[in-house]
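Report on one structure; see the data block that follows.
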Ligand code: HSE
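Quick look at the structure:
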């Protein structure tokens, strides 16, 4: 059979990795797909294409020329960002071309529209590379766990934040210093606030939740909090109490509703996710039949992400001749069987909490704080009071609570912050046992 001709939009890190893997592993890929896969048209730099071994590939400076090329059967979108990626992808779909993308923002924000158009035109849109880079987490959840009722998932899905937290813990370094280093090492997004304020993780969680629970993509309903306010002290105190602080994306089905949240989280040191360090990603999935399964690997980078993109290409090529009705649905569940489960507001979510405050070292202060927590029916699991530093009259006070609705904790924190014996804001970090 003749090779399938693909158009490649973007010859940057992931585009370059994809071109390299497609050429290096061409024989193995053809054995799996049943046909060769060849990049015949790409955008946009001739010199870069030559350096990648794409000397025979037509290069256009305008990505629209690639999308409009009638010879191309599959468009691989590796430009990233919302625009012009959305218009290019929608145009490819309306021309009857299949699409492979690693663009998490595109899928999280516009996936509902993209998949509806893809169904209308009978084409596939594959996006394994959009979540957790090289980890085949989309296929694992969508196909490997298809027999399960998925209860929850929790993932370290932003390598930059994980790198920053790891460095802060291992070397007691400040947030801003490590972030600067992560940018220089090339891990961070073009706008690093996407990484450290949790937006990138929220894009990925939106996609994971949708394929896990069969709910529409709802990025704007994800509670999102980043790591920029985590201090080396919090990491050290958590460690003394047997916990690590990880930046997690958590999706949970709960009483007919769904929790979608991204935030720093204390997790027990003994759990496997706590050992996922540096830029690595991992996703822990709890499902009713299989129990817990853990997926670990590189969440970014040229060839790891290319691994996911090429796997999608192989899948698309294998199923080119399949009746669209018999293909794996884009979001795992049949489109007419999506659930309208409500996404909970964060104040409705239940969690345990780490609370840190600076309190006067004098009689009655702890009693005042415990009374406020008791009045809000918040049960305390542990209390740690540090020695005052030389010349200081206030001390760091750390409290761990049992599980309680966030609304009650917010009310208690507001009351504690009013106490004259407590200075400044109370730091709140959520805690999960992941059991
Ligand atoms: N900036 C992302 C990360 C890259 O740090 O994980 C992969 O999406």
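Numbering (my numbering), first residue to last: 3 to 437.
Note that beta-carbon positions come from the ideal geometry of N, C-alpha and C, so glycine has one too.
Here residue 20 carries a helix assignment [DSSP, helix/strand/coil]. Residue ranges of uninterrupted alpha helix (DSSP H) with 4 or more members, entirely inside the segment 201 to 227 and ordered along the chain, are 201 to 215.
The beta carbon of residue 199 sits closer than 6 Å to those of 228, all from its chain and outside the five residues before and after it, given in chain order.
Boundaries of the beta strand (DSSP E) around residue 359: 352 to 362.
Non-local beta-carbon contacts of residue 353 in its own chain, meaning distances under 7 Å to residues more than five positions away in sequence, involve 405, 408, 432, 433 and 434 in chain order. Of all C-beta pairs linking the segment 97 to 108 to the segment 194 to 211, three or more are shorter than 8 Å, placing the two stretches in contact.
The segment 261 to 269 and the segment 366 to 386 do not touch, with fewer than three beta-carbon pairs separated by less than 8 Å. Here the distance from the Cβ of residue 202 to the nearest heavy atom of ligand 1 is below 7 Å.
Residue 265: not part of any alpha helix (DSSP H); member of the beta strand (DSSP E) spanning 259 to 270, first to last residue. Remark: the C-beta of residue 193 is outside contact range of ligand 1, defined as less than 7 Å to any heavy atom. Here the segment 158 to 167 lies against the segment 242 to 260, with 3 or more beta-carbon pairs under 8 Å apart. For residue 112, the enclosing alpha helix (DSSP H) has its first and last residue at 106 to 123. Placement of the Cβ of residue 248 at a distance of 7 Å or more from every heavy atom of ligand 1 is found. Checking the DSSP bridge columns, you'll see residue 398 partnered with 360. Residue nearest to residue 75 within the set 129, 39, 373 and 155 is 39 (criterion: CA-CA distance).
Inter-residue distance for residue 29 and residue 307 is about 20 Å (C-alpha atoms, whole angstroms).
With a threshold of 7 Å, the Cβ atom of residue 301 counts as near ligand 1, since some heavy atom of the ligand is closer than that. In this structure, residue 16 sits near residue 304, with a CB-CB distance shorter than 8 Å. If you check the CB distance, residue 310 and residue 422 do not come in under 8 Å. With contact defined as three or more Cβ pairs closer than 8 Å, the segment 283 to 300 and the segment 170 to 190 are not in contact. Per DSSP, residue 62 is not a residue of any alpha helix (DSSP H); the beta strand (DSSP E) it occupies stretches across 60 to 62. A heavy atom of ligand 1 is found nearer than 7 Å to the CB of residue 189.
One thing to note: residue 133 has its Cβ within 8 Å of the Cβ of residue 210.
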